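The structure appears right after this line, and notes come after that.
In this note's numbering, the protein residues as written are 44 to 455.
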């Protein structure tokens, strides 16, 4: 039984970095916004998942390609922590400033505090510890409200437009929208203490980040949308970390007084769960592809010289109305999903979807009907670029530069 009903202009599902960007964009456009998060911490994988690297906003060849809230959050992510970023990007001294790309590390807890402050200043109504249970849909596939559950009981939250930034596409899935899944591999991140550990990922003195890379063959044969498999995946991560400490103790190099865990991820470290089938789909081979509805640009975080335009159609579900997507559940597959599943791309798509939702309300149209040029005009106010020629770069020039000056790839 529904115990309460709340009404908003825009509701955003998921307070990861994508959802936070969407909520900020919508609220800054004067809309009444609710941001619903099932955990009691915001930031998603970046914070409770302990993946504490803000990947590049540049192409790896010295050109910034991603702007807006993505840049705002990168620059402020270090406000509560010892990290910095390269001086060539206007950086400040701190740990991790040797990297040449426009990227940085951050304190997960510190980033949480920064994100919360921004949400409060924007007037976003944040709902923590609230689970989205269902979507209410009209006969013509319009989502009109969602069912939620928290300590107050079951409630209904109504809105004129929704942004699904949940990572697992909860609103679209509950509305019976189409989506795809992919397997995940285990790459545990955790915080540990060890004074003499030879690692570049140090917070301060003996506190540092542990990152364990499994082989590509070590995929979990399971489903990120299956409850028991979520448990199995999480316990596999714990087993990897436990094995790491056991092997170090057995070697005699470290004792448990010298090396020990401080914090484990508070959420499953799935990278790819559910990608909504959109009006358009980005896929392997679409880097350096021109799209007439591009609304942003992102550079591949794994290597320099690979740049992707972002079609608006990837943010618009194919058969669900009144909803936009952002972050890890936008319409990407294959290598495109691997490229776009990270913090800066999530923030970029979040800002686009939050802005598009606000404009759709202003124009009294469904997001799928929103004129692209109107959206671009609004995004340009936050310095967005949409096509390669606007950046003065080309595939040929980037390839030639990369061959002459190869850079070390980012790895996770």
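By construction, the Cβ of each residue, glycine as well, lies at the ideal position given by its N, Cα and C atoms.
Please read these numbers as outputs of a predicted model, since none were measured by experiment.
Which same chain residues end up closer than 6 Å to residue i when comparing Cβ atoms and leaving out the 5 residues on each side of it in sequence?
i	result
residue 63	158
residue 196	46
residue 109	100, 341, 387 and 391
residue 326	376, 377 and 379
residue 260	Bear in mind that a pLDDT of 49 at residue 260, under 50, signals an unreliable position, so the model cannot answer this.
residue 212	222, 317, 319 and 372
residue 201	50 and 188
residue 172	83 and 193
Nearest-angstrom Cα distance between residue i and residue j?
i	j	result
residue 98	residue 44	44 Å
residue 145	residue 102	9 Å
residue 166	residue 55	14 Å
residue 402	residue 305	45 Å
residue 384	residue 86	14 Å
residue 271	residue 373	25 Å
residue 396	residue 348	26 Å
residue 322	residue 210	19 Å
residue 394	residue 117	14 Å
residue 408	residue 83	34 Å
residue 186	residue 398	19 Å
residue 269	residue 160	34 Å
residue 328	residue 429	18 Å
residue 420	residue 331	23 Å
residue 4	residue 206	Any answer about residue 4 is impossible in this case: the structure gives the chain only from 44 up to 455.
residue 68	residue 358	15 Å
residue 225	residue 267	9 Å
residue 135	residue 151	19 Å
residue 178	residue 281	33 Å
residue 292	residue 245	21 Å
residue 114	residue 351	17 Å
residue 247	residue 295	25 Å
residue 106	residue 287	39 Å
residue 111	residue 76	19 Å
residue 422	residue 299	52 Å
For chain B, find out if any of its Cβ atoms is closer than 7 Å to the Cβ of residue i; answer yes or no.
i	result
residue 120	Annotation note: the requested chain B is absent from the structure, which comprises a single protein chain.
Keeping to the same chain, check which residues put their C-beta closer than 8 Å to that of residue i; ignore five residues upstream and five downstream.
i	result
residue 283	229, 231, 255 and 257
residue 174	81, 191, 192 and 193
residue 139	126, 127, 128, 147, 148 and 243
Determine the extent of the beta strand (DSSP E) in which residue i is found, giving its start and end residues.
i	result
residue 200	196-207
residue 49	47-56
residue 331	First-last for residue 331: undefined, no H or E at that position.
residue 174	174-180
Which residues mark the beginning and the end of the alpha helix (DSSP H) in which residue i is found?
i	result
residue 158	151-165
residue 281	270-294
residue 377	377-383
residue 431	431-434
residue 417	415-423
residue 387	386-406
residue 135	Segment: none, residue 135 is in no alpha helix (DSSP H) and carries neither H nor E.
residue 114	112-119
residue 66	60-71
DSSP puts residue i in a beta bridge; with which residues?
i	result
residue 101	107
residue 168	77
residue 350	342
residue 188	179 and 201
residue 362	Paired residue(s): none; residue 362 is not in a bridge.
residue 147	97
residue 235	251 and 304
residue 245	251
residue 319	222
residue 126	138
Below 8 Å on the Cβ atoms is my contact criterion, and I expect residue i with residue j to pass it. Report the Cβ-Cβ distance as a whole number of Å.
i	j	result
residue 316	residue 371	7 Å
residue 154	residue 89	6 Å
residue 338	residue 418	6 Å
residue 58	residue 240	Rounded, the Cβ-Cβ distance is 32 Å, inconsistent with contact.
residue 180	residue 218	5 Å
residue 353	residue 360	The Cβ separation is near 16 Å, so there is no contact.
Please return the same chain residues whose Cβ sits closer than 7 Å to the Cβ of residue i, not counting the five positions on each side in sequence.
i	result
residue 31	Outside the displayed span of the chain (44 to 455) sits residue 31, for which this structure offers no information.
residue 149	95, 97, 120, 121, 124 and 126
residue 184	362, 363 and 364
residue 235	251, 253, 302, 303, 304 and 305
residue 132	145
residue 71	165
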